[in-house]
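All remarks here apply to the structure that follows.
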Amino acid sequence: MNLLFYIFSGLMLLCAALVVANRHPVTSAMLLILVFFFMAGLFVLLEAFFLAVIQVLVYAGAVMVLFLFVMMLLDIRSSQIRRQNAPAMLAGLSVGFAFWVEFWLILRHSALPVGAPMNFDAGIRPIGKLLFSEFVLPFEITSLLLLAALVGVVLLSQKETR
Amino acid sequence: MMTEPMIAGLWTDTVSFFGVHAVAVVLLKIAVVLFALLGLVSYTVLAERRISAFIQDRLGPNRVGWFGLLQPVADSFKFLLKENVMPAHVNRIYYVLAPCIALAPALLTFIVIPFGNTLAGEPMVIANLNVGVLWMFSIASLGVYGIVLGGWASNSKYPFLGGIRSSAQMISYEISMGLSLIPVFMHVGSLNLTEIVNAQSHRWLFLHPNLFLAFLIFMISSFAETNRLPFDLPESEQELVGGYHTEYGSMKFALFFLAEYANMITASALMVTLFFGGWQVPFALPESLSHPVTWLAPFVFQPVGFVYILSFFLKMLLFLGVFIWIRWTLPRFRYDQLMNLGWKVFLPMALANVFVMGIWMALSV
Amino acid sequence: MGGTSFEYSYLLILVLLIGSIFFAVAPLVIARILGPKKESSIKNATYECGLVSKGDPWVQFKVQYYIFTLVFVIFDLETVFLFPWAVAFNALGAFAFVEMLIFIGILAGGLLYAWEKGVLEWR
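Chains as they are written, first to last, in the numbering used here: chain Z, 1 to 162; chain C, 1 to 365; chain L, 1 to 123.
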């Protein structure tokens with residue numbers, strides 16, 4: 001499975017880079033969907049099948065539809081798409097580099113075990129059991145988060161009618 | 001693992017673990033199912049045309065071949081030989097990509113459905129995934145992109161409106177579709193479709209009152225999900241010309257068309273699998289059917305395997321018939337009615353159904 | 001190599017993915033080779049029932065489509081959480097049922113609130 005791991009992660013990184021480099025929003029969105037696909041492939045290699053399917057269902061099937069809708073609302077034409085300018089690119093690259101350095105430092109000094117694969121049954125049943133015994137509180141808090149999002153939607157739509 | 005040559009390692013491992021014979025059998029299964037699915041799609045189109053003609057007191061296509069049975073062949077050649085019009089105003093890449101994105105998921109969803117028990121010891125399902133139903137949902141949810149991109153890439157008013165409408169409709173009903181099935185999984189305790197079929201060996205699931213409600217919600221949602229009447233607002237000929245595929249012609253249009261029918265077939269197959277016992281038959285079969293047939297000795301086929309496949313196939317045809325029948329019976333919904341039905345009727349109903357199912361199961365233990 | 005049969009199923013899916021893409025692309029390629037090509041400005045025009053198209057092809061559409069998509073994402077997530085719960089329901093017991101009731105209750109409250117505020121009303 002190592003070969004598949006390198007193929008998936010390589011293609012994922014390539015697509016992710018293209019998401020940023022590409023100037024057309026719809027193409028970027030489509031590439032992002034591909035990124036999610038390859039990520040799902042990586043989950044499959046870890047035998048986390050449920051996570052892989054959820055990855056596709058939620059991110060590729062729901063969140064990206066939302067993104068696409070926003071793009072359709074905005075009326076993007078290729079003539080209006082801004083050219084890259086050097087200062088913005090420089091700023092972006094430096095922030096990205098700083099983030100990468102920070103991430104690397106954190107990883108280096110972290111106490112996380114490196115390399116040892118966790119022996120964890122990622123089947124849907126064990127996840128269900130864990131979710132409702134050990135991780136009840138985060139689970140319930142998730143519902144509050146979703147509620148907050150829903151209230152935000154209500155607010156948005158009220159603004160629109162006023 | 002790291003040291004061996006990786007491609008060769010993968011291949012030899014696969015073959016040595018399962019054997020060359022098994023790999024060949026699986027590839028054969030894939031080929032047969034994909035071709036059968038595409039064949040069934042084209043004959044469903046013919047059936048739709050003949051049945052709609054019958055309902056409207058017309059004849060329908062009856063000239064090509066016996067009773068028009070060769071019409072799909074003629075149609076496919078016609079689609080292949082038509083001019084490939086690519087209008088000047090479209091976004092060329094997405095215009096061509098959209099029909100492919102619509103069709104590929106439609107073909108991929110079918111593979112987790114068990115269409116028979118076993119044949120010569122080989123389970124009659126291509127991929128027996130543990131997350132079976134979720135796989136279907138996640139892949140089917142990608143079908144939206146074909147439609148919304150088709151509408152957008154056409155760069156024309158009607159297709160754009162059709163694409164937007166259709167995607168909003170599909171996502172709305174995706175929720176009630178997913179929620180309606182939760183009671184089924186509570187009852188069976190698995191998402192694996194083979195296990196769901198096996199759980200129905202004594203009693204088909206639609207006989208359970210809660211699950212019957214689930215079935216109704218699921219069926220109506222699947223009409224909306226496949227853009228069929230009474231929910232065919234994305235196309236609605238009278239207001240949007242042809243909806244998202246107005247600017248499409250020749251094979252590119254045909255792919256959209258095939259995708260719609262493939263989705264219909266998958267929805268029927270899923271309803272049969274989840275609620276109507278899958279490949280099972282409602283009565284005891286004669287014992288003699290399970291003896292192997294001697295003249296097929298090298299393969300050791302048992303006739304009972306074919307009976308199960310036939311049973312599945314007939315049930316699926318029944319649901320396809322319902323799809324076609326409804327199309328020519330009910331008028332189209334208005335868009336606000338459609339959204340109301342999805343969000344204000346089905347969503348609360350499906351949630352309440354989950355709740356009642358939980359109480360029911362807690363009490364019956 | 002740990003060759004569980006499920007892993008094997010997913011390898012199959014990779015094969016099938018390629019197969020279905022082939023089935024989607026091949027007809028287009030064949031049609032492109034076989035089909036005639038006679039372009040004309042009329043054929044290339046936007047299809048609008050024979051009238052000449054006026055104005056921009058992009059039309060302003062209701063923001064409500066977007067609002068409904070937002071609500072969809074929220075409830076899609078809720079459904080995703082229900083799946084593992086439903087599968088493990090038999091093994092979980094009454095406590096988990098109450099937990100799920102709280103979860104659904106909060107979101108159902110949100111739905112009622114949105115309903116009351118007219119978000120679900122198609123105007």
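Glycine included, C-beta positions come from ideal geometry on N, C-alpha and C.
Inset, instruction - Take Ser-157(Z) as the anchor and find which of Glu-78(L), Leu-70(L), Gly-105(L), Leu-92(L) has the nearest alpha-carbon. - result: Leu-70(L)
Legend entry - Proximity test, Cβ basis, 9 Å: Glu-260(C) and chain Z: no
Inset, instruction - Specify, as a first and last residue, the run of the alpha helix (DSSP H) that Gly-10(Z) falls within. - result: 2–21
Legend entry - Neighbourhood of Phe-67(C) by C-beta, 6 Å cutoff - its chain only, sequence neighbours within 5 removed: none
Inset, instruction - Could you please give the first and the last residue of the uninterrupted alpha helix (DSSP H) stretch that includes Ala-362(C)? - result: 347–364
Legend entry - Uninterrupted alpha helix (DSSP H) stretches inside the stretch 104–167 of chain C (no shorter than 4 residues): 132–140, 143–153
Legend entry - Stretch-stretch touch, CB-based, cutoff 8 Å, three pairs: the stretch 322–330 of chain C with the stretch 154–170 of chain C: no
Legend entry - Lys-129(Z), enclosing alpha helix (DSSP H) - first and last residue: 124–131
Legend entry - Cβ neighbours of Ser-268(C) in the same chain (closer than 6 Å, five flanking residues each side left out): Met-316, Phe-319, Leu-320
Inset, instruction - For Glu-39(L), name the three-state secondary structure that DSSP assigns. - result: coil
Inset, instruction - Establish whether the CB of Gly-61(Z) and some CB of chain C are separated by less than 9 Å. - result: yes
Inset, instruction - Label Met-2(C) either buried or exposed according to how many other C-beta atoms from any shown protein chain fall within 10 Å of its C-beta, with 16 as the threshold for buried. - result: Here the model assigns Met-2(C) a pLDDT of 37, short of 50, so the residue's position is not dependable and the matter cannot be decided.
Legend entry - Segment limits, alpha helix (DSSP H) that includes Asp-336(C): 335–340
Legend entry - chain Z contact for Met-1(C) (CB, 9 Å cutoff): Note that Met-1(C) has pLDDT 36, beneath the 50 cutoff, so the model's placement of it is unreliable and the number below is only indicative. With 9 Å as the cut-off, Met-1(C) counts as an interface residue toward chain Z.
Inset, instruction - Compute the distance between the beta-carbons of Val-126(C) and Lys-29(C), then report whether it is under 9 Å. - result: Sequence inspection shows Ile at residue 126(C); the Val mentioned does not correspond to that position. Their beta carbons are under 9 Å apart, which means Ile-126(C) touches Lys-29(C) by this criterion.
Inset, instruction - Examine chain Z for any beta-carbon lying closer than 9 Å to the beta-carbon of Phe-23(L), and answer yes or no. - result: no
Legend entry - Counted within 10 angstroms of its Cβ, other Cβ atoms place His-202(C) as buried (16 or more) or exposed: exposed
Inset, instruction - State yes or no: is the beta carbon of Val-131(C) nearer than 9 Å to at least one beta carbon in chain Z? - result: yes
Inset, instruction - Give the range of the alpha helix (DSSP H) segment to which Arg-108(Z) is assigned. - result: 86–109
Inset, instruction - Locate the alpha helix (DSSP H) running through Asp-75(C), then write down its first and last residues. - result: 71–81
Inset, instruction - Would you mind telling me which residues of chain Z sit closer than 7 Å to Leu-134(C), beta carbon to beta carbon, in chain order? - result: Val-53, Leu-57
Inset, instruction - Note the first and the last residue of the continuous alpha helix (DSSP H) segment covering Ala-114(L). - result: 94–116
Legend entry - For Gln-64(L), the first and last residue of its enclosing alpha helix (DSSP H): 64–87
Legend entry - Test: Phe-124(Z) CB closer than 9 Å to a CB of chain C: Correcting the residue identity first, residue 124(Z) is Ile in this sequence and not Phe. For Ile-124(Z), the answer is yes, since a Cβ of chain C falls inside 9 Å of its Cβ.
Legend entry - is_contact[Thr-246(C), chain L] using C-beta, thresh 9 Å: yes
Legend entry - Status (buried if at least 16 other CB within 10 Å, exposed otherwise) for Gln-56(C): exposed
Inset, instruction - For Ile-18(L), return the contacting residues in chain Z, with the cut-off set at a CB-CB distance below 8 Å. - result: Residues of chain Z passing the Cβ test: none, with the nearest at roughly 13 Å.
Inset, instruction - Please state whether DSSP places Val-307(C) in a helix, a strand or coil. - result: helix
Legend entry - chain Z contact residues for Val-32(C), given Cβ-Cβ distances below 7 Å: Chain Z residues near Val-32(C): none, gap ~25 Å exceeds 7 Å.
Legend entry - Proximal residues to Phe-132(Z) (C-beta, below 8 Å), its chain only, five neighbours per side dropped: Phe-139
Inset, instruction - Measure the Cβ-Cβ separation of Phe-275(C) and Val-148(C) and say whether it is below 9 Å. - result: no
Inset, instruction - Pick helix, strand or coil for His-24(Z), following the three-state DSSP scheme. - result: coil
Inset, instruction - Check the Cβ-Cβ distances between Leu-77(L) and every residue of chain Z, and say whether any is below 9 Å. - result: yes
Inset, instruction - List the endpoints of the continuous alpha helix (DSSP H) containing Lys-252(C). - result: 250–275
Inset, instruction - Kindly list the residues whose CB is nearer than 8 Å to the CB of Phe-5(Z), restricted to its own chain and excluding five residues on each side of it in sequence; keep chain order. - result: Leu-42, Leu-45
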